[in-house]
Amino acid sequence: MKVLGKECKHFEPFKYKILTQLKQKLSELNLALDFNDDLAVLKRSLSIGNKSIPNRLAIQPMEGFDAKRDGRPSFLTVRRYSRYAKGGAGLIWCEATSISEGYKSNQHQLAITKENVDEYRKFVSHIKKISKSALEQLGFSGQCLFILQLNHSGRYCKKGDTKYPIRAYHNYQLDKAINVSEQDGKIIEDSELIALEEKWGEKALLARDAGFDGVDIKACHGYLISELLGARERNDSLYGGYDFANRSRFFLNVIKKLKKRCFKNGDFIITTRLGIYDGIPYPNGFGVAPLEGEEFPASIDLTEPIKLINELDNLGIKLINISAGNPHYKPHITRPYDIPVKGANLPSEHPLCGVYRLIKMTSEIKKSISEEIKIMGSGYSYLRQFSPYICADLIKNNEVDICGFGRMAFANPEFPRQIFQQDEINPKKVCVGCSQCSQLMKNGKSTGCVIRDPAYEVKS
Ligand SMILES: Cc1cc2nc3c(=O)[nH]c(=O)nc-3n(C[C@H](O)[C@H](O)[C@H](O)COP(=O)(O)O)c2cc1C
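Numbering (my numbering), first residue to last: -15 to 444.
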């Protein structure tokens, strides 16, 4: 799949004050994106199984690294989610929550356990109450759908505060990107993977008990499941190699085992945030083409992602949150930005092209799969105050079902309310793509918007 032309091979920061300037730039870059100023489509509800999402705006999972050491939400966690709920989004996708307490990505990552599930129950009930009242005020009925993302951090695990990569296979480039050597951490063994297959199901039962509407088996951004999907150089393993059935075995087994445990009546959603293209050069990587193409950094081939989604369809998955890239390796693929984190180079790609790639890959997926699967798209924050008009157009044309915002929600959690009440996002409150939230994350600190939220600052 060819998405971007040579016009995209340069970097330029965002400088468009009015829509005509942005349209002019898109045309220069040869990017066909349309805008629709009738935002009513964003107010439409959407059914997933027995559940309903009151509107088409969602909060993407964004790690806050502010949990208590035992994994329960802290004051700061509750503050973040309360702000999202007050904003009126129809779906709140709770951030990466560790399924492997011994190897979190940060000591303050969320983790749901038998011991702290009561705290999660209070948390969920509090957030849903706020959401219900905000949504009612905005003229919607019901409350937000609240999904919990369950993740094994894989290559990005830490043992205490020390990096301890639990890899699917060796990859020098990926090691170099996070400054670890081949001797650090380990390659996960098949026997360990077999034992882990049950873990998501155990945690999903706790999540259901806590009142979440569903769980996301996270399969994106280079973490364990995502890495296995592209692990062609994992040799002599049930879970790797060139055979796609091997590389997808772990993910599908996790879902099959989870379903067997408890979810017969369909009122608890099993979903996934799926990375459809990780940008890691072939022979490894998922959604990448066998030959290095013209496109940086690896050509796109969505054949396997589509095949995988068809298998997920057979397993009854009805909602998928699409993402791409590995933010520890080539972050601009996941989240186009204007300023990189400290020490990183600017990508040699126009950020609007990165947004376009995410949008067009998502549309391609949407048109290639069953209508019954609802698709949430990612990466709209870079479009700032112009994002709602693109989302409205995409939804109207059935190119995506729900638009999820990450950094915009850190910067301006009221963005859905602004869209629903004023038909616009306040330009003075948008995310500016400065990567300071990612810098906080990289520094191991609690994460939020340094520019717009007084609760956060970057200390060097
Ligand atoms: C600080 C930070 C934390 C993130 N945490 C998560 C996470 O927990 N799970 C996840 O799937 N994606 C995570 N992401 C990725 C976002 O959900 C989102 O895909 C990305 O920021 C692009 O969307 P945006 O342009 O709306 O920000 C994170 C991104 C940032 C910047």
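Positions of the beta carbon are idealized from the N, C-alpha and C atoms, including for glycine.
Query	Result
Can you find the residues in the same chain that come closer than 6 Å, C-beta to C-beta, to Asp21, ignoring five residues on each side of it along the sequence?	Tyr373
Give the straight-line distance between the Cα atoms of Asp227 and Ser210, rounded to the nearest whole angstrom.	16 Å
Pairs of beta-carbons, one from the region 154 to 162 and one from the region 105 to 112, closer than 8 Å: are there three or more?	no
Between Ile111 and Ser66, how many whole angstroms is the CB-CB distance? I'm expecting something under 8 Å.	7 Å
Touch check for the region 356 to 375 and the region -10 to 6: three-plus C-beta pairs under 8 Å?	yes
Can you tell me whether His334 is buried or exposed, with buried defined as 16 or more other CB within 10 angstroms of its CB?	buried
Based on the DSSP output, what are the partners of Ser82 in its beta bridges?	Asn135
Use the C-beta contact count for Gln405: other C-beta atoms within 10 angstroms, 16 or more gives buried, fewer gives exposed.	exposed
Return yes when at least one heavy atom of ligand 1 lies under 7 Å from the C-beta of Pro289, else no.	no
Quick check for students: name the residue ranges of the beta strand (DSSP E) that lie wholly in the region 340 to 412, counting only runs of 3 or more.	358 to 361, 386 to 389
Does the separation of the CB atoms of Val384 and Ile359 fall below 8 Å?	yes
So, for Glu199: in the same chain, excluding its five sequence neighbours on each side, which residues have a beta-carbon less than 6 Å away from its beta-carbon?	This sequence places Val at residue 199; Glu is not what is there. Cβ within range, chain order: Leu132, Leu134, Ala188, Ala191.
For the alpha helix (DSSP H) that Val199 lies in, which residues bound it at each end?	From DSSP, Val199 is part of no alpha helix (DSSP H) but of the beta strand (DSSP E) over 198 to 201.
Compare the Cα-Cα distances from Glu85 to each of Pro45, Ser283, Ser137 and report the closest residue.	Ser137
Ligand 1 heavy atoms versus the CB of Cys433: any closer than 7 Å?	no
Arg53: buried (16+ other C-beta within 10 angstroms of its C-beta) or exposed?	exposed
Kindly examine ligand 1 and report whether one of its heavy atoms sits closer than 7 Å to the Cβ of Thr146.	no
In its own chain, which residues sit with a C-beta less than 7 Å from the C-beta of Asp407, not counting the 5 before and 5 after it?	Leu23
Which runs of the alpha helix (DSSP H) fall wholly inside the region 253 to 334 and span at least 4 residues, in chain order?	287 to 298, 315 to 318
Measuring CA to CA, which of Lys(-14), Ser332, His92 is closest to Met425?	His92
With DSSP as the reference, please indicate the residues paired to Lys170 in a beta bridge.	Ile150
What number of angstroms, rounded off, separates the C-alpha of Ile253 from the C-alpha of Ala376?	25 Å
State the start and end residues of the unbroken alpha helix (DSSP H) segment that holds Lys426.	420 to 426
Kindly give me the distance between the Cβ atoms of Ile409 and Gln420, rounded to whole angstroms, as I take these residues to be in contact under 8 Å.	Not a contact, Cβ separation roughly 19 Å.
Cβ of Pro448 versus every heavy atom of ligand 1: is any distance shorter than 7 Å?	One cannot answer for residue 448 here, as it falls past the ends of the chain, which runs -15 to 444.
Please tell me whether, using a cut-off of 7 Å, the distance from the CB of His92 to the nearest non-hydrogen atom of ligand 1 is below it.	no
Using the C-alpha atoms, what's the distance from Ser175 back to Tyr153?	15 Å
How close, in whole Å, do the beta carbons of Lys88 and Lys142 come, if the pair is a contact with beta carbons under 8 Å?	6 Å
Shortest alpha-carbon distance to Ile264 belongs to which of Pro45, Lys291, Pro315?	Pro315
Please name the residue or residues paired with Trp77 in a DSSP beta bridge.	Ile131
Name the two residues that bound the continuous beta strand (DSSP E) containing Ile96.	Premise fails: Ile96 is in no beta strand (DSSP E) and is neither H nor E.
Can you tell me which of Gly74, Ser82, Gln167 puts its alpha carbon nearest to the alpha carbon of Ser125?	Gly74
When you compare each of Asn396, Phe234, Ser82, Ile83 to Arg64 by their alpha carbons, which one comes out closest?	Asn396
Considering just the uninterrupted stretch of the beta strand (DSSP E) at Lys35, what are its terminal residues?	35 to 37
Leaving out five residues before and five after Phe130 in sequence, what residues of the same chain have Cβ atoms less than 7 Å from its Cβ?	Ile76, Cys78, Val108, Ile111, Lys112, Phe196, Asp197
Is Asp50 buried or exposed, if buried means 16 or more other CB atoms sit within 10 Å of its CB?	buried
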